[in-house]
Structures are given as structure tokens and as C-alpha cells.
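In terms of my numbering, the sequence shown opens at residue 1459 and continues consecutively. Cβ atoms here follow ideal geometry from the backbone N, Cα and C, with glycine treated the same way. The next block holds one structure in the form of C-alpha cells; read it before the comments.
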Amino acid sequence: MNEISTSAINPWQRVRASRTALLATGYLALYVLLDWASYVEPLRNTNITPWNPNTGVVMALLLARGARWAPLVALGDFVGEILTDRTPPPWRVLVLSSVFLACVYALAAWLLRRRGLERPIGSPKSAAWFVGGTALASGIAAVGYVGIMVSGGELTHADGAAAVARYWIGEFNGIIALTPVLGLRINPRTAWETVRRSPRDLVMHTVGAVSGVSLAFALAAARDVRLFYPLFAPVTWIALRYGVAGAMISVSLVQAALVAALELTPGSIPLFDVQFPLLSLGVTALFLGALATQRDSTLRQMRDQDAVLQRSLRFAVAGQLASALTHELNQPMTALISYVRSSEIMSEGQPGADPRLAGTLRKAGEEAARAADVLRRLRSFYRGQGARLEPTDALAVCAHVAEALQDRMRRNRVECALRDAADLPQIMIDRTQLEIVVHNLLVNSLDAFAAMPAGAGPRRIEITGQPHGAEILIAVDDSGPGIDASVTEKLFEPFVTSKISGMGLGLSLSRTLLRHQGGDLWCEPSRLGGARFVIRLPIQAESQTEL
Ligand code: ADP
């Protein structure tokens, strides 16, 4: 069945192309908006302003997506200057400056990405690389940009030094304040959980930041008191509590609030004078935040390791328990089989015996033998002994297991369809182990349906098989609610369950059994709307994988 492998390719490519177009449009819109909003106190009608948050967006894009986005950066710069400059320079000068700036920042991003900065800043070391790299890049950008403007006749030589300082601080400050924020990958659920756990902290931090900005503004508005220390206390406090995310979000908000307040108040101090204190605030907050983030992630790693150890211990205990149980049950099972056989033989010689008795005893004998077989396999599995490989029709095994669950499916109004690929070859596998896996998958789907409200749409399970090179793929799709977000990440780990009475061992055991035979098991979203579990198995038996 080709649908398993090919149906996903084209829609994905289409989704990727439309995502790229969306990102490019969003980038240009945000860039031009910020360029326009920050066009304050320009030097001689050039684009040299003391605050360039739009460059923060440039670095965020190049760090996240790589230097191949440099042409878009050059285009954004060109369009931004045309739209926001009061008297834009001639287009030749503009093209040269846009290409130059894009090259400088693309090179900086390329170097920083080699230091792992395509990921959010999470340690003082990566913060140091970021601050050092962007300070240097914005310095080179400032010197080059001013040089181009001077040689294009837009600025005089006498303006040079002041223009470089103004441009550099604007660029550097814009990057420090905005790039770390745009690079954040905030999980809304975790963020909401943090806020929900301590809403009082959030209120106090907000009050602190608002008071800091108001006090700094009040002092600044008094013209001769240019102190910005009140801003440091709340931002430091927030950085230590929420790490890089809290630190840099608060720095951006504080910067935007202060710049807006100063700009909206004619007669207050020039923005350029505020930029150095704001830059120190940004750099301090970034380092403190990075330190706090690193501390938090070290603590989390320790807790995760502890949890993994706990789970391994429980898995080992479960193995021991299973081994002990199989050992203890083996003898009674053997006795049970011989008693049933004896009863069968005795019933044959009884005149007038109910003819159904012999049939029932035969079935009881077969079931007891099957149970004994399962116990034997489990025991040898936990003892590390190999599986019993035999040529098997995998879909026939699925059909057999689905048949055994017919009654439960009927009661839950679940429709189960089995779709066979005509050329599905037989595979060398331990049949009982495959039965255990398929049984577990089908029962999980049935459990998932049981947790859904009645009448919530059709309940379908589809089992499909397809050859895939030297392997076969068996997929079990259902139209249930899908995998609960609380278990998605650790689905195949032992003791992970979303059910009140679940053990969380089914999937981990299934994957272990399949991997032991050179196969695998994974989960993906189903086109039926629920979960899709795919079993991969080699057609020829592989040497047993060491687990
Ligand atoms: P258990 O059944 O004891 O919970 P499993 O390892 O079999 O253990 O499954 C782990 C978890 O995976 C289940 O608790 C359930 O949350 C999720 N799960 C497995 N299969 C499905 C499915 N078809 N639909 C929704 N959730 C599923």
C-alpha cells in the first residue's frame, strides 16, 4: 500500500513552501514597522538613529535560519530606508549599504551559529559569544555604513566619529534587546504553569518594573538627573527568577517604554544619552538570565536522570517479577494441561456424555497450551534467550488478534478494517511476540475510544500492511482522540501512562520485543484523526539485537 509512504510527501513540501513565504512576509513587515517606529533623532536626515530594534530582527532571522536569508535582509534594509528616511540617499548608495550590512550580519550569524547560537541562549558562555560577536559586527557595520554615506556625499568627514558612535550604539542595543527575545522557544503550557503557580510573583515583578521605569523617567525628565539605576533592580530580580526569557522580555519592554516616554515628552533628555545605560542594562540582564537558565537546566537534568533511574529500576523489578511469576506458574500450567487432556480422554469413553463436553475440553486444552507458551516465551525473553523465528504472515496474525477482540469491538461500536497489500511477503518472526504487540496496540485503541464521549464521531481502526524494501510496515490507525500531550514525549518509556489503571508497560515492552528482532515501533498522527502506530519488521531474520 503506497499510501503509507507517499501520501505525506507533497502536502509537506507545500506546507514548507507556504511557511517560508509567510516567514519572509512577516519578517519584512516587522522589519519595516520597527524601522519606521524607531526613526527618531536621525543624524542629518540619514537612517543613523540612536535606536535600531529592527537590526534585532535581522540577527534573529539570520541566527535561526542561516546566512542564506541574507538577500532578504538586504531587501528589507533597502525597502526600510526608502520608506522611512525623510530624504533617502540615491539608490546606488542604498544598494551598496544594504548589501554591505546584510553581508556583515550574515557573516556574524554564520560564526555565531557555529558556536551553537541558533539555539536560545542558555549559558553565560553563549551569552558572552553573543554579546562579543554582535558588538564586533555592529561596530564593523557602523564604520562601513558611515564610510559608504561619507563617500556617497550624504555625510561630511566631520560627522564621521559621531555618526559611527550613534549608529553602533543603536545597532548593538537593538540586537541585545530584541534578538534573544525573538530566539526564545517558549512552551505556552510551561509558561502558563509557571505563572499559575505563583501569580503573586508576576504581579510583584510587573509592579517593580513599572515603578523602575517611572522613577527613571521622572529622574530623566528632570533633565539634570540622568540616573537609570532604578531600572536595574526589577530587571535583575526578574532575570534571576525567570532566566533569559524573563530577563530579555523585561529589558525589551523597559527599553520600549522608556524610549516612548522620552520621545513623547518634548524637552526631556536626548535618546542617545539613554542608550548607554540601556545597553548596560541589557548586557547585565542577559548574563544574569543566562546564569539562571543554566542553573535551572542543570537542576532539571538532575531530576530527569533521577526519574530515568527510578524507571529503569521499576522496569528491572517488573522483569524480575515476570520471571518469578512465569517460573511459579509454569508447573501449575503443565499440570493443568495434563488434567485437561486426561479429562478429554476420559470423556471420550463415557456413554451418554454431552458431545459438547469433548469440544469444550479440547478448547480449554488449547488455551492452556497457548498460555503456557506465552509464559515460556516471556521467561526466555527475560532470561535474554532468543525468540522462536518462523515464517509468518504478519497480517494473518493481526487478523487473528483482531478476531479475538471482536466482542469488545462490537460492544464499543468500533469498526475494524484490515487492508492487505497483495504482495506482502511472509516474514521470519516470533509469532507469539508479534501477537503480544498487535494485541497491545488494538487494546490501547479500544481504551482510547472508551475514554471518548459517546457519539463523538465514527470509531474506526484500520490495520494496513505494505512491503518497504527489505522490510514490511504494519500500521494500526485509529480515529480516537490521539496521544495525550502529557505522555507524548515519553510514550515508549516504561511506566508512562495516562490511564488511571494503566501500567504503562505495553508500548515499552512492544518496542523492546520488536527491536529484539531487528524491527521497531513508533507513533505518528493518524489521517483518521487519532493515533497511528507503525511496526517495522525485517523480512529476513536479523541477528538478535543486543538490548
Ligand atoms: P498502558 O496501556 O498501561 O497505559 P501503554 O504502554 O500500552 O500502557 O500505553 C501508554 C500510553 O500511551 C497510554 O496510557 C495512552 O495514554 C497512550 N496511548 C497508547 N495508544 C494509544 C492510542 N491508540 N490512542 C491514544 N493514546 C494511546
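Counterpart residues of residue i in DSSP-defined beta bridges
| i | result |
| --- | --- |
| Glu-1920 | Ala-1875, Asp-1935 |
| Pro-1983 | Ala-1989 |
| Gly-1996 | With the sequence shown as reference, residue 1996 is identified as Pro, and Gly is not the correct amino acid for it. Answer is Glu-1929, bridged to Pro-1996. |
| Ile-1885 | Thr-1850 |
| Asp-1978 | Arg-1994 |
Nonlocal neighbours in the same chain, by C-beta distance under 7 Å from residue i, ignoring five residues either side
| i | result |
| --- | --- |
| Val-1954 | Val-1945, Lys-1948, Gly-1962 |
| Ser-2001 | With a pLDDT of only 49 at Ser-2001, under the threshold of 50, the placement of this residue in the model should not be trusted, and no figure is reported. |
| Glu-1539 | Asn-1505, Pro-1546, Leu-1552 |
| Ile-1872 | Sequence check: residue 1872 is Val here, not Ile. Contacts found: Leu-1904, Phe-1907, Arg-1917, Ile-1919. |
| His-1615 | Val-1608 |
| Leu-1554 | Ile-1606 |
| Asp-1878 | Leu-1853, Gly-1923 |
| Leu-1659 | The residue you asked about is not Leu; residue 1659 is Asp in the sequence shown. Cβ neighbours of Asp-1659 beyond the five flanking positions: Arg-1699. |
Contact under 9 Å by Cβ, residue i with residue j
| i | j | result |
| --- | --- | --- |
| Ala-1532 | Val-1557 | yes |
| Ala-1852 | Ile-1894 | no |
| Val-1604 | Leu-1613 | yes |
| Leu-1986 | Ser-1968 | no |
| Ile-1921 | Leu-1876 | yes |
| His-1897 | Ala-1933 | no |
| Gly-1977 | Ile-1919 | no |
| Val-1712 | Val-1732 | no |
| Ala-1697 | Leu-1746 | yes |
| Ser-1584 | Leu-1575 | yes |
| Asp-1543 | Tyr-1485 | no |
| Asn-1788 | Ala-1830 | yes |
| Ala-1750 | Arg-1699 | yes |
| Gly-1524 | Ala-1560 | no |
| Leu-1491 | Ala-1620 | no |
| Ala-1816 | Glu-1806 | yes |
| Leu-1819 | Ser-1801 | yes |
| Leu-1541 | Trp-1509 | no |
| Gly-1610 | Pro-1548 | yes |
| Val-1562 | Ala-1599 | yes |
| Met-1867 | Ala-1826 | no |
| Leu-1882 | Pro-1849 | no |
| Ala-1487 | Trp-1527 | no |
| Gln-1975 | Leu-1794 | no |
| Leu-1530 | Ala-1482 | yes |
| Ala-1782 | Val-1798 | no |
Same chain, Cβ closer than 6 Å to residue i, neighbours up to 5 away in sequence not counted
| i | result |
| --- | --- |
| Ser-1463 | Because the pLDDT of Ser-1463 is 43, which lies under 50, any placement of that residue in the model is unreliable, and the question is left without a value. |
| Ala-1674 | Phe-1686, Pro-1688, Leu-1689 |
| Ala-1857 | Leu-1876 |
| Phe-1950 | Leu-1965, Ser-1966, Arg-1969 |
| Thr-1648 | none |
| Ser-1708 | Ala-1667, Val-1693, Ile-1696 |
| Ala-1748 | Ile-1579, Ser-1581, Pro-1582, Ala-1585, Val-1702 |
| Pro-1511 | Leu-1492, Ser-1496, Gly-1632, Leu-1636 |
| Thr-1513 | Glu-1629, Gly-1632, Ile-1633 |
Residues near residue i in its chain [Cβ-Cβ closer than 8 Å; skip 5 each side]
| i | result |
| --- | --- |
| Thr-1737 | According to the sequence provided, residue 1737 is Leu. The question's Thr does not apply to it. Correct list, in chain order: Ile-1627, Phe-1630, Asn-1631, Ile-1634. |
| Pro-1983 | Gly-1940, Ala-1989, Arg-1990 |
| Thr-1784 | Leu-1833, Arg-1834, Leu-1836, Arg-1837, Tyr-1840 |
| Val-1741 | Val-1589, Ile-1634 |
| Arg-1654 | none |
| Val-1855 | Arg-1889, Leu-1892, Glu-1893, Val-1896 |
| Gln-1752 | Gly-1580, Ser-1581, Pro-1582 |
| Leu-1521 | Ala-1567, Leu-1570, Arg-1571, Leu-1575, Glu-1576, Thr-1637, Gly-1641 |
Member of the options whose CA lies at the smallest distance from the CA of residue i
| i | options | result |
| --- | --- | --- |
| Ser-1581 | Ala-1811, Thr-1756, Ile-1885 | Thr-1756 |
| Met-1706 | Pro-1578, Phe-1734, Ala-1829, Thr-1723 | Pro-1578 |
| Gly-1641 | Asn-1788, Trp-1527, Met-1517 | Met-1517 |
| Thr-1592 | Gly-1574, Ser-1609, Leu-1570 | Leu-1570 |
| Tyr-1489 | Asp-1659, Leu-1519, Thr-1507, Arg-1472 | Leu-1519 |
| Cys-1981 | Ser-1708, Leu-1899, Leu-1521, Leu-1995 | Leu-1899 |
| Pro-1638 | Leu-1716, Ala-1743, Arg-1624 | Ala-1743 |
| Asn-1902 | Pro-1883, Lys-1957, Ala-1667 | Lys-1957 |
| Ala-1912 | Ser-1800, Arg-1889, Gly-1938, Asp-1493 | Gly-1938 |
| Ile-1930 | Met-1910, Thr-1513, Ile-1997 | Ile-1997 |
| Arg-1643 | Gly-1927, Ala-1703, Arg-1572 | Ala-1703 |
| Val-1665 | Thr-1652, Ala-1691, Ala-1676 | Ala-1691 |
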